[in-house]
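Residue numbers for the sequence shown follow UniProt numbering, beginning at 1 and rising by one.
Okay, structure first, notes after.
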Amino acid sequence: MVELVLLDEGGVAGPGAGRSQVESMSIEKYTVEEVATHSSADDCWVIIHGKIYDVTKYLDDHPGGDQVLLVSAGEDATEEFDDAGHSTDAWKLMEKYVVGQETTDLSALILLERMLMLPFKNSRLK
1 MVELVLLDEG
11 GVAGPGAGRS
21 QVESMSIEKY
31 TVEEVATHSS
41 ADDCWVIIHG
51 KIYDVTKYLD
61 DHPGGDQVLL
71 VSAGEDATEE
81 FDDAGHSTDA
91 WKLMEKYVVG
101 QETTDLSALI
111 LLERMLMLPF
121 KNSRLK
């Protein structure tokens, strides 16, 4: 798998990153369900803007304390991260904890669609 990541001039990815530099990298994909299994102080993953971070080793160093991260362990922490107003330095620091990217398990959606027997676009069942 290859993902193109847009970086700003300082080499930081994230919202507002400039388009001056492009870096190619291989990245794993994980479903929300897979991330949810990493929800403890011994194994703490969070999702921020679709990227998955293993912050286990960062818990003791987080300026806001470990509980701030543990509350969102195994979940999407985008809103909490954005609300805290993290700096460019925080984005740089986070990059070393990236373990993957959020993805959707399409097989589950296909199964759900079949179970619900959702009508096709041109169906008479509207």
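Where a beta carbon is used, it is the ideal one built from N, C-alpha and C, also for glycine.
Of the residues assessed, residue 71 falls on the exposed side of the cut-off, its CB having fewer than 16 other CB atoms within 10 angstroms.
Distance between residue 44 and residue 84, taken at the CA atoms: about 19 Å. Two segments are said to touch when three or more pairs of C-beta atoms, one from each, lie closer than 8 Å; by this definition the segment 59-67 does not touch the segment 27-37. Residue state for residue 51 is assigned as strand, using DSSP reduced to three classes.
Residue 29 sits in a strand when the DSSP states are folded into three classes.
Following the DSSP letters along the chain, one finds residue 71 in no alpha helix (DSSP H), marked with neither H nor E.
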